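Note that our numbering gives residue 86 to position 84 of the sequence shown, counting from 1, and the numbers run on in steps of one.
Think of the CB as a built atom: it goes at the ideal place given N, C-alpha and C, for glycine as much as any other residue.
Given the structure is predicted, the values throughout are model-derived calculations rather than measurements.
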Amino acid sequence: MDDSVPHDGGRPIVLTAPLTEIIDHAGYFIQMSMASLPIWLERILNDKYPKWRDVEYDADGSARYMPAGLRVVEASLLRRFPPEDIVCSYPADLHKFVGPRTRVVAVSTHNPLGVTFAAGVYTSIFGSSREPINSHYARQLFATIKASGFRDRFKVIVGGSGGWQIVQTNSYDELGVDCVIEGRSESIDTLEVFEKALRGEPLPRRLEVQHPKSRDEILFPDKRTTFGVVEMTTGCGRRCQFCVPDLNPQIDLPKDKIMGAVRANVRDGNQQISLATEDMFIWGQVHTDTPFYFPNREALLDLYSDIVDTPGVEHHVLSHATIAPAVVDPVLIRKLSERLLDKSPIRLPTLSTHPQRRALVPLIGLETGSVRMAKQIMPSKGVPFPIEEWPSVVVHGLSILNANNWFPAMTLIVGNPGETDDDCRATLDLICEVERRGLFAFFIPSIFTPLHDTRMEKAKGVTETRELTPLQWQLIMKCWKMNLRPGQNAWWAPTAWRVGALGLWAARLRKLNGPSFTWPLLMFAGVAPERILQHFGKLHAGRPLTIRSRKELLTTIKPHQWRYLRPDTGDLPDGFTAPPPERGGKVIPLTPRAVA
Ligand code: B12
Ligand code: SF4
């Protein structure tokens with residue numbers, strides 16, 4: 003860092019984040035790619051997005067936008083400290099704000115070392131330089147802070163959903179971090195740590211702080227956030243064993259606060275909004291008389307309609323969802339499409355039937371196609387349907403979503419503890435069934451990573467790509483082959499892929515990933531038709547699955563819950579009787595349009 007002294011001696015509290023977690027144009031996918039691609043492939047993104055480093059400033063040189071988490075930290079600190087003591091700075095401008103008066107540099111990070119789902123996998127598949135682009139920039143940020151001439155005067159506090167990576171890898175000294183706070187900034191304990199740092203007192207290395215238990219305790223920033231991220235819910239409720247966010251209390255946040263944060267984003271120049279959630283479909287149905295997995299159609303339509311109708315909101319992007327609600331209420335999906343598609347910045351010309359080829363791409367967990375595995379790691383993932391019906395729920399959910407121009411990015415976990423070849427075959431069968439039916443999702447396989455604090459924290463997964471079995475490789479490469487279908491319409495594209503993939507394999511990947519990789523790679527490259535490779539026993543041939551009809555699926559719901567089904571969705575189980583007029587629940591004020 004440049005050691006010139008800022009004219010005001012610096013700000014006592016400086017808030018920052020890695021540049022690659024702050025940038026806000028070019029859509030979610032640029033950040034996701036940066037989390038997954040190794041630094042030696044950065045030039046691909048530089049070529050595609052030559053301006054990705056360009057950021058906007060407020061009049062005082064502070065950052066115009068920051069990740070939502072850091073904005074909440076700022077809002078939380080503003081409860082106790084004066085605004086002139088706090089600044090949000092881009093990494094390149096730290097020298098303008100860090101000076102002799104600085105006592106805290108606080109860093110928010112999502113994924114600083116790239117040791118989480120998917121992020122670690124692709125960098126290790128791609129080679130010797132395993133460091134993901136995002137991790138490179140995170141380390142660069144920490145190095146800049148560490149090199150400050152005023153470093154002995156301030157403490158470095160790290161927080162955010164990726165803070166645990168520093169704890170788990172014990173990278174405190176290497177990165178120059180004094181304290182990692184795990185948990186939310188609204189906590190009084192978080193404020194106490196900042197107080198201590200301002201007084202120059204020693205800090206604990208790691209502090210776990212309490213998550214707010216009620217919706218009113220969650221703060222909303224009145225400033226612009228990266229991608230216009232506004233929190234919608236916390237927690238989930240489906241209780242998957244590997245999941246971090248599910249450990250938080252299940253809360254849906256008040257609509258008036260969400261709308262306030264939407265308006266703040268628009269006021270500060272953001273044209274895009276995205277609601278942060280683990281499952282958008284629980285909103286409006288948390289702690290009501292109706293189980294959360296029967297979505298509250300009216301409340302959701304009301305909320306999303308008001309967001310996309312807010313003057314200045316040009317784009318809206320979905321974040322995370324689950325698939326069972328699509329089977330429960332296809333009418334909701336259709337009506338959401340009617341409201342949301344026109345504002346989606348994502349276009350999938352070969353898939354979408356929207357006049358401008360717009361599409362909705364929520365992130366949805368598929369994780370496994372093996373019912374045996376699903377029972378172990380995510381027994382409630384498909385509620386209200388029993389987990390035995392998981393493959394049918396996925397296929398039906400996807401057909402309803404696709405019919406409404408939703409093409410989800412679906413994550414899969416490869417190498418779950420105890421995963422057998424049969425489990426892997428079952429997942430391949432499901433993926434092939436999706437292909438056979440002409441359905442589409444972007445399948446994003448990742449290698450099982452035991453995430454800190456989860457119920458599977460102590461479980462051991464695959465640590466090296468060389469350890470992957472031929473079936474696991476086949477699954478990974480099959481997913482990517484299917485993902486590339488929409489982009490392969492140009493006459494030259496398939497050949498370019500073949501040549502590129504083979505070249506990379508010959509030059510680098512053959513040695514790195516071991517012999518199990520060879521046949522799946524040849525399948526990916528399309529060197530020989532899959533059926534020939536299957537015939538010679540080099541690949542598993544996906545077996546056709548028996549998929550239940552929607553009516554059969556609805557019949558598998560526990561009969562005492564049938565009353566939560568909506569008659570206008572059809573396919574009702576025999577013996578269904580219409581529910582009483584008022585569907586229990588808390589009262590959510592609705593606009594007349596949403597009810598219509
Ligand atoms: C929106 C989102 C994204 C967006 C936008 C991210 C952004 N930069 O704004 C996109 C799609 C780009 C994205 C990408 C990825 N994401 Co993401 N994402 C989310 C999501 C849904 C919401 C994040 C959010 O803004 N929440 C709201 C804010 C308020 O919460 P928060 O950030 O946690 O902040 C609170 C605390 O952490 C704390 N805090 C935050 N910063 C600081 C700093 C200090 C100093 C202190 C004291 C406290 C503190 O206080 C805040 C509230 O008080 C979360 C799930 C979730 N519900 O949190 C997943 C989540 C964070 N993402 C996750 C993952 C895995 C990824 C990817 C690696 C996926 C991938 N393979 O591509 C990439 C990594 C991106 C990168 N740059 O490296 C995981 C993180 C797992 C982990 N770290 O162990 C999560 C939890 C999802 C999950 N279900 O697993 N993500
Ligand atoms: S459905 Fe998703 S968010 Fe919910 S518990 Fe499972 S993995 Fe976590």
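beta-carbon residue i near the ligand B12 non-hydrogen atom, thresh 7 Å
i: N113; result: yes
i: A199; result: no
i: I183; result: yes
i: L72; result: yes
i: W475; result: no
i: V75; result: yes
i: H322; result: yes
i: Q33; result: yes
i: G164; result: yes
i: G178; result: no
i: T22; result: yes
i: T18; result: no
i: T192; result: yes
i: T548; result: no
Local conformation of residue i per DSSP, three classes
i: C90; result: strand
i: M34; result: helix
i: R153; result: helix
i: F444; result: strand
i: D254; result: strand
i: E133; result: coil
i: L143; result: helix
i: V109; result: strand
i: G420; result: coil
i: Q212; result: coil
i: P85; result: helix
i: V16; result: strand
i: G165; result: helix
i: Y295; result: coil
i: L362; result: strand
i: T279; result: coil
i: V310; result: helix
i: L249; result: helix
i: G185; result: coil
Cβ neighbours of residue i in the same chain (closer than 8 Å, five flanking residues each side left out)
i: V373; result: I389, E390, W392, P393, A428
i: R299; result: D331, V333, L334, K337, R568
i: I190; result: none
Sequence-distant residues of the same chain with beta carbon closer than 6 Å to residue i, five excluded per side
i: D180; result: K157, V158, L205
i: E340; result: none
i: V169; result: V182, R208
i: A543; result: Q536
i: L193; result: R82
i: F578; result: W564
i: T370; result: A376, T429
i: P114; result: A140, G164, Q167
Distance cut-off 7 Å: residue i Cβ against heavy atoms of the ligand SF4
i: K383; result: yes
i: M380; result: yes
i: E554; result: no
i: E280; result: yes
i: P247; result: yes
i: G399; result: no
i: G367; result: yes
i: C242; result: yes
Residues near residue i in its chain [Cβ-Cβ closer than 7 Å; skip 5 each side]
i: T22; result: Q33, M36, I135, N136, Y139
i: M375; result: N418, E421, D425
i: F99; result: P8, G12, R13, V16, V89, S91
i: V268; result: T312, G314, V315
i: G101; result: V7, P8, G11, G12, F152
i: E44; result: I135
i: Y306; result: L338, R341, L342
Heavy atom of the ligand GDP within 7 Å of residue i beta-carbon
i: I159; result: As for the ligand GDP, it is missing from this structure, which binds only the ligand B12 and the ligand SF4.
#### Entry: Three or more C-beta pairs below 8 Å linking the stretch 441 to 449 and the stretch 410 to 423
yes
### Task
Inspect the CB distances between the stretch 191 to 211 and the stretch 167 to 182 and report whether three or more fall short of 8 Å.
yes
### Message
Pairs of beta-carbons, one from the stretch 143 to 151 and one from the stretch 54 to 64, closer than 8 Å: are there three or more?
### Response
no
### Query
Quick check: the stretch 276 to 287 against the stretch 223 to 239, are there 3 or more CB pairs under 8 Å?
yes
### Task
State whether the stretch 96 to 111 contacts the stretch 251 to 271, with contact taken as three or more CB pairs (one from each stretch) at a distance under 8 Å.
no
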